[in-house]
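Below is one structure; the comments refer to it alone.
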Amino acid sequence: MKRKDDVVWIITYLAIFIGFILMIKSVYDTVDFYFIGGLLLYTLGSYWFAYGRGYSMGRIAQRDEQRKKSD
């Protein structure tokens, strides 16, 4: 992997992990910021992970464009 890919991978997993931890922490504390921040980090991290793995419409559209160019 390239260095940039490694950094993106680490940031993605940290966002998912920290978001999950903040959501769990919000159960024990009554601070809404932890839940909102955790949910936001977890959602964005999960979305970016799925996008990088090719589970989003952007990747599918890109494959369709490549197929059209090759034909």
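Just so we're aligned: 45 in this note's numbering is position 57 of the sequence shown, and the numbers increase by one with no gaps anywhere.
All C-beta atoms in this analysis are idealised placements derived from N, C-alpha and C, irrespective of residue type, glycine included.
Because the structure is a prediction, the values reported are computed rather than measured.
- Per the C-alpha coordinates, the member of L28, I(-2) and D(-7) positioned closest to L10 is L28.
- Taken through DSSP and simplified to helix, strand or coil, V(-4) comes out as helix.
- CA-to-CA, the gap between S14 and F21 works out to about 8 Å.
- When the beta-carbon positions are compared, I4 and F37 come within less than 8 Å of each other.
- Counting only residues of its own chain and dropping the five nearest sequence neighbours on each side, G33 has a CB closer than 7 Å to the CB of T0, A3, I4 and G7.
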